[in-house]
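*Asks:* Can you keep this structure in mind? I'll have questions shortly.
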Amino acid sequence: MIKVLLIFTVFLLALIGYWFASGRKREVLHFETIENGLMHIASQTSHQRVDFSELAALPKPVERYFRKVLVDGQPSVQTMRCWQAGVIRGSIKSSRWSEFQAQQLIVPSAPGFVWNARVDTPFGTFVQVVDSYLQGEGAGRVSLLAALTVAQDSNHPMINASALHRYLAEAVWCPTALLPSAGIVWRAIDDFTALATINDDANSVSVEFRFDDHGDIVGVFSPGRYGLFEGEYKQVAWEGRYFDYQQIEGMRVPLAGEVGWYDGDELKLVWSGRLSKIQFSFS
Numbered sequence: 027m028i029k030v031l032l033i034f035t036v037f038l039l040a041l042i043g044y045w046f047a048s049g050r051k052r053e054v055l056h057f058e059t060i061e062n063g064l065m066h067i068a069s070q071t072s073h074q075r076v077d078f079s080e081l082a083a084l085p086k087p088v089e090r091y092f093r094k095v096l097v098d099g100q101p102s103v104q105t106m107r108c109w110q111a112g113v114i115r116g117s118i119k120s121s122r123w124s125e126f127q128a129q130q131l132i133v134p135s136a137p138g139f140v141w142n143a144r145v146d147t148p149f150g151t152f153v154q155v156v157d158s159y160l161q162g163e164g165a166g167r168v169s170l171l172a173a174l175t176v177a178q179d180s181n182h183p184m185i186n187a188s189a190l191h192r193y194l195a196e197a198v199w200c201p202t203a204l205l206p207s208a209g210i211v212w213r214a215i216d217d218f219t220a221l222a223t224i225n226d227d228a229n230s231v232s233v234e235f236r237f238d239d240h241g242d243i244v245g246v247f248s249p250g251r252y253g254l255f256e257g258e259y260k261q262v263a264w265e266g267r268y269f270d271y272q273q274i275e276g277m278r279v280p281l282a283g284e285v286g287w288y289d290g291d292e293l294k295l296v297w298s299g300r301l302s303k304i305q306f307s308f309s
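Heads up, the sequence shown is in my numbering, so the first residue is 27 and it goes up one at a time.
Structure follows, in structure tokens:
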């Protein structure tokens, strides 16, 4: 009897090991497929340089921003890869914050991104979260221990628009992605605010950018970004803030930020993080 139990235990452990290894392989392939798709588009990017002559027609705070963070004639960003760490929570109703570490790739010519995060969960476990936007399709996927998919969603108008909203807001990390030559249309609101619009595939979104007295982008706002609330997609006011601008490879970018959704008149944060490292490649 003991021998039978031992054989069964060994078989069960082998089965679990196989399941775990297969799951890890599947999740790695999922991420690599998105990343490879973005990098393929990046490799097709033509050589471009920043041309300040295109700035004259822009709203004044936008022109001031580009003249501060870029250099006339510099090459445009082909890819931006960054490493992040911070805290995150699953919803504005949750009281539990979890630490995360993430890598993100942004490809302005796509336009698109992939965010690959490890989020700590109780009892020493973790979940992998992969969010992306590629070829007009937004996607999100959560897997326990980077092996067992527990939630996923992709390619419908609401998540596509939500992911493109995120891309546009986070383009502040690679400023040439916000230039008119990158497909961004700017409209003046006031001396410190301008609306940026991007059209990609069947998706069109706008984000309000807020500038300080020095010309830096200090915030982004949308009155109605799609988010998942209690299992249902809703358009809710959403805001991001940026801090600690530093000079990285000739460009001025913020290294810290926070993001949240509005609950009535109150902004409730769901993400707060810092970029520990940024790598650019140029066209």
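Glycine is no exception: its CB is placed at the ideal position from the N, C-alpha and C atoms.
1. Is the beta carbon of Ser298 sitting closer than 8 Å to the one on Arg251?
2. Quick one: grab the DSSP three-state call for Pro87.
3. Run through DSSP, which three-state label would Arg97 get?
4. Helix, strand or coil, according to DSSP, for Thr223 in the structure here?
5. Closer than 8 Å is the cut-off here; do at least three beta carbon pairs connect the region 174-184 with the region 208-219?
6. To the nearest angstrom, how far is it from the Cα of Ser302 to the Cα of Trp109?
7. Over the uninterrupted alpha helix (DSSP H) stretch that includes Ser207, give me the two end residues.
8. Output the distance between the C-alpha atoms of Glu275 and Gly49, rounded to the nearest integer angstrom.
9. Across which residues does DSSP place Gln305 in a beta bridge pair?
10. Would the region 224-240 count as touching the region 194-212 if we require 3 or more Cβ pairs under 8 Å?
11. To which residues of the same chain is Phe57 closer than 6 Å at the C-beta, ignoring the five residues directly before and after it?
12. Please give the ranges of any alpha helix (DSSP H) in the region 142-214, keeping only runs that are unbroken, at least 4 residues long and fully inside the region.
*Replies:* Answer, in terms of the structure:
1. Mapped onto the sequence shown, residue 298 falls at position 272. Mapped onto the sequence shown, residue 251 falls at position 225. Not a contact, by the Cβ cut-off of 8 Å.
2. On the sequence shown, position 61 is the one that residue 87 refers to. Under the three-state reduction of DSSP, Pro87 is assigned to helix.
3. Taking the first residue of the sequence shown as position 1, residue 97 is located at position 71. Looking at the sequence itself, residue 97 is Val, so the reference to Arg does not match. Coil, per DSSP.
4. Position 197 of the sequence shown, counted from the start, is the residue given in the question as residue 223. Strand at Thr223.
5. Three or more beta-carbon pairs separated by less than 8 Å are not found between the region 174-184 and the region 208-219, which leaves the two stretches without contact.
6. Locating residue 302 in the sequence shown gives position 276, where the first residue counts as 1. Locating residue 109 in the sequence shown gives position 83, where the first residue counts as 1. Going from the Cα of Ser302 to the Cα of Trp109 covers about 6 Å.
7. In the sequence shown, residue 207 corresponds to position 181, counting from 1. Annotation: Ser207 is outside any alpha helix (DSSP H) and is labelled neither H nor E by DSSP.
8. Taking the sequence shown and counting its residues from 1, one reaches residue 275 at position 249. Taking the sequence shown and counting its residues from 1, one reaches residue 49 at position 23. A straight-line Cα-Cα distance of about 38 Å links Glu275 and Gly49.
9. Here the question's residue 305 lines up with position 279 in the sequence shown. In DSSP, Gln305 forms a bridge with Arg107.
10. The region 224-240 is in contact with the region 194-212.
11. Walking along the sequence shown from the start, residue 57 turns up at place 31. Excluding sequence positions up to five before and after Phe57, its CB lies within less than 6 Å of the CB of Asn142 and Val156, all in the same chain and listed in chain order.
12. Complete alpha helix (DSSP H) runs here, min 4: 183-196.
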